[in-house]
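For reference, the structure discussed in these notes is given below.
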Amino acid sequence: MAITLSTIFITGLELTGPQRLMLMWPLCLAIAVVYKTVRCEKLTEIVSASLILWVTIIFVMYAIGIALWAVFELLV
Amino acid sequence: MANSSEATFSLRGPLAGFFSWVLPGLGHLFIGERARGIVLLVTIVGTFWSGVAIGGVRNTVDPKERKLWFMAQMCAGSNAIGAVMLNQRLEKSSTPRGPYLSSEIAVHFTGVAGLLNILVILDAIGRAEPVTAAPRSRQRSTTNGP
Numbered sequence: 018m019a020i021t022l023s024t025i026f027i028t029g030l031e032l033t034g035p036q037r038l039m040l041m042w043p044l045c046l047a048i049a050v051v052y053k054t055v056r057c058e059k060l061t062e063i064v065s066a067s068l069i070l071w072v073t074i075i076f077v078m079y080a081i082g083i084a085l086w087a088v089f090e091l092l093v
Numbered sequence: 006m007a008n009s010s011e012a013t014f015s016l017r018g019p020l021a022g023f024f025s026w027v028l029p030g031l032g033h034l035f036i037g038e039r040a041r042g043i044v045l046l047v048t049i050v051g052t053f054w055s056g057v058a059i060g061g062v063r064n065t066v067d068p069k070e071r072k073l074w075f076m077a078q079m080c081a082g083s084n085a086i087g088a089v090m091l092n093q094r095l096e097k098s099s100t101p102r103g104p105y106l107s108s109e110i111a112v113h114f115t116g117v118a119g120l121l122n123i124l125v126i127l128d129a130i131g132r133a134e135p136v137t138a139a140p141r142s143r144q145r146s147t148t149n150g151p
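So the protein lines, in turn, are chains A and B. Heads up, the working numbering is the position in the first sequence plus 17, with the first residue counted as 1. Heads up, the working numbering is the position in the second sequence plus 5, with the first residue counted as 1.
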């Protein structure tokens, strides 16, 4: 356990392509939480507002990705 | 003419900004926004160190090879300084670098954490300043006329 904790910040993870895409989710969640924490005056609104923004960011980014992939497939 | 109490209050903004840079969310804690500060602290510090854990510190915080990203990372304050110190320590002990693919993701995590902290710094300054803004606006409205 101690060895794992000491090496956690030293040894990087071996990631595959899909895993890299999945890591977009927590990053987008962090962006949504910080943005809505700064914007919302009432703290009770933060949770729902962050979740809505998080889902929106992920949905739009995947939509853009799929659209670009489709364009690439059509052209090449 | 500014009196001493006004001068003390005017330091709240810059101090809150500085504290936010030192540790994300600390500026909000300083101005009394406890819950908001804790949420920001946990989110930004968590994002930064998650990034370091994904890529390994030697690949992630690299002032020589990733200068622009390093500038973004430095906005996370003490987190980035701690990561640089850890990086330099490992460099001396010639610890090998981690896998390159994960380091790209890691750099994004840490860089975005730093950039988000700019937002937090500006918010802390903005929330600290209204204390002095109210008397000034009244003063302006009386001097400038309708």
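Beta carbons are placed, not taken as given, at the ideal position from N, Cα and C, and that holds for glycine.
Check: Neighbourhood of Ile36 (chain B) by C-beta, 8 Å cutoff - its chain only, sequence neighbours within 5 removed; Outcome: Arg17, Ala21, Ala129, Arg132 and Ala133
Check: Beta-carbon contacts of Trp74 (chain B) that lie in its chain and below 6 Å, excluding the five residues immediately before and after; Outcome: Val112 and Gly116
Check: Spatial distance of Ala84 (chain A) from Leu92 (chain A) (CA atoms); Outcome: 12 Å
Check: Chain-ordered neighbours of Arg71 (chain B) on chain A, where CB pairs are closer than 8 Å; Outcome: Residues of chain A passing the Cβ test: none, with the nearest at roughly 14 Å.
Check: Closer than 9 Å to chain A by CB, Arg143 (chain B); Outcome: Residue placement at Arg143 (chain B) is poorly supported in this model, since its pLDDT is 48, which falls under 50; the coordinates still yield a value, given next. No, Arg143 (chain B) does not count as interfacial toward chain A.
Check: Pick from A:Trp86, A:Val77 and A:Glu31 that is closest to Trp42 (chain A), judged by C-alpha positions; Outcome: A:Val77
Check: Inter-residue CB distance, Asn122 (chain B) and Ile49 (chain B) (contact presumed, cutoff 8 Å); Outcome: 6 Å
Check: Cutoff 9 Å: Trp74 (chain B) Cβ touching any chain A Cβ; Outcome: no
Check: Own chain partners of Ile126 (chain B) with C-beta closer than 6 Å, once the 5 adjacent residues on each side are dropped; Outcome: Gly22, Ser25 and Trp26
Check: Between the CA atoms of Ala87 (chain A) and Leu31 (chain B) - distance to the nearest angstrom; Outcome: 45 Å
Check: Short CB-CB distance (under 9 Å) between Ala94 (chain A) and chain B; Outcome: Past the boundaries of the shown model lies residue 94 (chain A); chain A is included only from 18 to 93, so the question cannot be answered.
Check: Reference Thr61 (chain A); option with closest CA among B:Val47, B:Ala40 and B:Phe53; Outcome: B:Ala40
Check: Near-chain A residues of the region 16 to 43 of chain B (beta-carbon distance less than 7 Å), N- to C-terminal order; Outcome: Ala40 and Arg41
Check: Beta carbon of Leu40 (chain A) nearer than 9 Å to that of Leu32 (chain A); Outcome: yes
Check: Inter-residue spacing [alpha-carbon to alpha-carbon] between Thr28 (chain A) and Pro29 (chain B); Outcome: 25 Å
Check: Distance between Leu95 (chain B) and Arg56 (chain A) (C-alpha atoms, nearest Å); Outcome: 40 Å
Check: Length at least 4, wholly inside the region 7 to 52 of chain B: the alpha helix (DSSP H) runs in chain order; Outcome: 9 to 15, 17 to 27 and 31 to 35
Check: Val51 (chain A) beta carbon less than 9 Å from that of Leu45 (chain B); Outcome: yes
Check: CB contact check: Ile69 (chain A) to chain B, cutoff 9 Å; Outcome: no
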